[in-house]
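Scroll down for the structure; my scribbles are underneath it.
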Amino acid sequence: MPDHLFYQSAVKLPTIARAQGVYAWDVDGKRYVDACSGAIVAQIGHGHPAVRAAMLDQLDKVAFAYRTQFENQPALDLAQRLVDLGGGRFDRVFFSSGGSESVESALKIARQYWVCRGEPQRKVFIARKPSYHGATMGALSMTSYTPLTQPFAPMFPLYPKVASPTQYRVPAGRSVAEHALACADELEAAILEAGAAHVAAFIAEPIGGASTGAEVPHAGYFSRIREICSRHGVLLILDEVMTGMGRTGRWFGYEHWDVRADIVCLAKGLGAGYYPVSAIMTRAEVTDPVLAAGGFQHGYTYAGNPLASATALAVIDVIEREGLVENAASTGAYLLQSLEQLASRHGFIGDVRGRGFLLAVEYVADRASKEPFAPALCFGDAITRAARDCGLIVYPRKSLMGETGDHTLIAPPLITTPAQCDEIVDLLDAACT
Ligand code: PMP
């Protein structure tokens with residue numbers, strides 16, 4: 097049969113036939129352990145009957161209604177549910193469908209907030225390097241990942257990027273804590289360079305996902321970041337597209353350090369692969385000036401439709417009912433420990449890190465010096481392919497032009513059991529051998 101589809105590369109991939117729980121099967125009947133929840137999406141595993149039932153129930157009522165014409169009860173309920181999960185920190189929710197859309201929404205509400213507050217010169221957005229915040233032009237302008245940005249760089253504004261805090265690669269002579277604060281202080285330097293009165297917002301992931309490979313910042317980092325943002329009146333946007341919805345063993349990544357964000361972006365695990373759903377959570381202080389001035393000039397046709405909202409509500413119910421946030425914390429810690437044992441058997445595993453079920457394995461040419469493999473070697477891709485041959489799906493990322501090592505994210509569904517973690521580690525062991 098001719099193949100008319102094109103996607104990220106010309107590499108021929110197996111065709112999936114079905115999936116259940118943490119397993120997937122291709123059309124040839126080969127079984128895979130889905131150790132990355134698709135794209136860190138399938139939070140509650142595949143084929144959950146409760147979500148199917150809730151979706152069918154909603155389909156029988158109404159699947160779509162445009163929210164400029166009708167409000168719908170599932171959207172109202174989902175907004176309330178998210179506000180409740182946020183523990184009262186946020187009281188306004190705006191829906192969209194994908195992660196990039198939620199980042200766009202965050203950037204645009206931040207920009208419109210400043211315009212409506214009478215500070216239209218606040219146009220500069222600051223992000224980190226490396227980072228990934230999405231594929232659309234606004235989100236891409238927040239992204240620092242050369243292979244993705246380079247082809248399009250003339251098409252979007254080049255905003256300042258400050259260092260992502262790492263625990264693995266710390267410059268000689270600095271402790272991890274000192275390095276974290278030095279990275280945070282780069283934000284202040286960037287704000288001062290742009291002129292504090294010109295900066296709209298700073299965006300960061302609580303735990304770097306695809307970009308840094310589950311790098312957990314040192315405890316002092318975010319309190320310094322919050323302090324710097326507050327001192328200069330800069331909004332703090334946390335991109336929780338990957339870290340949200342229980343992934344790191346807390347409902348939201350910011351809970352690990354009690355970070356007070358002005359806007360939080362959610363996607364991936366919110367619809368958990370059953371339907372594309374995303375959202376931003378913020379506060380009335382941010383949205384009121386915008387609404388008073390005539391409204392948020394931004395919207396998406398599919399945003400907060402009844403089927404999307406009913407799906408996300410069912411996903412949240414499952415996460416709560418089955419204690420999956422707790423499982424991500426405890427079984428994730430077990431998986432991290434098992435991966436550390438694996439690292440002791442393979443000299444090219446330089447580091448194993450992460451929180452909850454957002455874990456990463458970093459591969460290096462030299463463990464002692466932490467020297468990355470040459471980018472041309474595409475070592476991470478080779479491991480990903482070997483894993484797939486062994487029946488294990490991991491989330492790949494190529495070396496950032498040799499700036500860091502290759503890594504693969506290991507981020508299975510939050511339902512994963514310790515026995516299934518053993519299976520993941522055994523298969524990765526085989527792929528590394
Ligand atoms: N932000 C982060 C942190 C992400 O990891 C991603 C997707 N990998 C996005 C935004 C973009 O999400 P989407 O692909 O759904 O547009």
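Just so you know, we're using the working numbering here: the sequence shown kicks off at 97 and counts up by one. Ideal placement from N, C-alpha and C gives every residue a C-beta, glycine not left out.
Using the three-state DSSP reduction, which class does residue 207 fall into: helix, strand or coil? helix
heavy atom of the ligand PMP below 7 Å from residue 202 C-beta: no
Taking only three categories from DSSP, how would you classify residue 195? helix
With a threshold of 7 Å (Cβ to nearest heavy atom), would residue 377 be considered close to the ligand PMP? no
Assigned secondary structure, residue 412 (DSSP; H/G/I helix, E/B strand, else coil): helix
From residue 381 to residue 100, what does the alpha carbon distance come to, in whole angstroms? 48 Å
Comparing the CB of residue 312 with every heavy atom of the ligand MN, is any distance shorter than 7 Å? The ligand MN is not part of this structure, which contains only the ligand PMP.
Quick one: measure Cβ to Cβ for residue 475 and residue 502, integer angstroms, because I've assumed they're closer than 8 Å. 5 Å
Which residues does DSSP pair with residue 335 in a beta bridge? 361
Heavy atom of the ligand PMP within 7 Å of residue 576 beta-carbon: With the chain running from 97 to 529 in the structure shown, residue 576 is simply not present.
Please find out if some non-hydrogen atom of the ligand PMP comes closer than 7 Å to the beta-carbon of residue 133. no
Looking at residue 260 and the ligand PMP, is the gap between the Cβ and the nearest heavy atom below 7 Å? no
Sequence-distant residues of the same chain with beta carbon closer than 8 Å to residue 232, five excluded per side: 196, 197, 199 and 200
Contact set for residue 532: own chain, Cβ-Cβ below 6 Å, skip 5 residues either direction: The requested residue 532 is not part of the displayed model; the chain covers only 97 to 529.
Cβ of residue 100 within 7 Å of any heavy atom in the ligand PMP? no
Would you say residue 386 and residue 296 are within 8 Å of each other, going by their C-beta atoms? no
Would you call residue 500 buried or exposed, if buried means 16 or more other Cβ atoms sit within 10 Å of its Cβ? buried
Are the segment 392 to 411 and the segment 359 to 372 touching, with three or more C-beta to C-beta distances below 8 Å? yes
Put residue 101 into one of helix, strand or coil per three-state DSSP. coil
In the DSSP assignment, what are the bridge partners of residue 190? 376
Residue range of the unbroken beta strand (DSSP E) whose run includes residue 221: 220 to 225
Considering residue 503, what are the terminal residues of the beta strand (DSSP E) in which it resides? 502 to 506
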